[in-house]
Amino acid sequence: MTAYWVAQGVGVLAFVVGITTFINRDERRFKLQLAGYSAIIGIHFFLMGASPAGMSAELNAIRTVISLRTRSLWVMSIFIVLTLGLGLAKFNHAMELLPIAGTVASTWALFRCKGLTTRCVMWCSTACWVTHNFWLGSIGGTLIEGSFLVMNGLNIIRFWRMQRRGIDPFKVEKEVQQQEG
């Protein structure tokens with residue numbers, strides 16, 4: 001019983017770390033915070049006995065940091081193959097396919113999408129994770145992914161409205177990318 005509450009405590013810690021992730025407009029800070037959250041929630045899932053979700057979350061953390069340096073199709077493909085191979089090798093229940101699908105979608109988003117499109121694909125990925133976490137009984141995981149779903153959804157609407165008014169919510173990100181490139 002103590003191990004269960006330790007696992008839930010790690011999940012709540014992940015909740016605290018991840019709660020402000022989707023507020024960031026700066027892509028670098030967004031990705032770094034997302035990576036930190038993913039690493040912590042991965043530990044939580046392993047402690048909960050959910051190996052496919054744990055592996056997917058830890059791959060998410062590594063992949064997110066690497067996506068800061070490259071948008072290579074090959075690197076993206078390696079992460080998708082790793083996610084599918086490791087996740088499918090350990091799954092025991094159909095619900096465990098949801099974090100695998102969510103990780104594949106978010107991998108694609110981080111390597112191939114920008115701005116609002118990234119947020120939209122990440123929202124779909126989050127829907128997979130929140131459903132899985134609720135099924136698993138993960139208190140912190142359900143709280144954080146549910147919060148991500150709401151916060152990212154509200155930010156998608158906010159950023160979309162800004163774009164409709166002719167304001168680029170990702171202007172800072174684009175300027176930094178132009179300076180680096």
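The letter at position 3 of the sequence shown is residue 3 when you use the UniProt record's numbering, and the numbering goes up by one with no holes.
Where is the CB? At the ideal position from N, CA and C, for every residue including glycine.
| Check | Outcome |
| --- | --- |
| Which parts of the region 49-94 are runs of the alpha helix (DSSP H), unbroken and 4 residues or longer, counting only runs that do not cross its ends? | 51-66 and 73-90 |
| Specify, as a first and last residue, the run of the alpha helix (DSSP H) that C128 falls within. | G115 to L136 |
| Is the beta carbon of N152 sitting closer than 9 Å to the one on T107? | no |
| Return the CA-CA distance between L149 and V75, expressed in angstroms with no decimal places. | 27 Å |
| Within the continuous alpha helix (DSSP H) that includes R158, where are the two ends? | I139 to R164 |
| If I'm right that F159 touches R119 with Cβ under 8 Å, what's the distance once you round it to whole angstroms? | 7 Å |
| For residue 184, I'd like the list of residues in its chain whose CB is within less than 7 Å of its CB, leaving aside the five on either flank, ordered along the chain. | The requested residue 184 does not occur in the structure, where the chain is confined to residues 1 to 181. |
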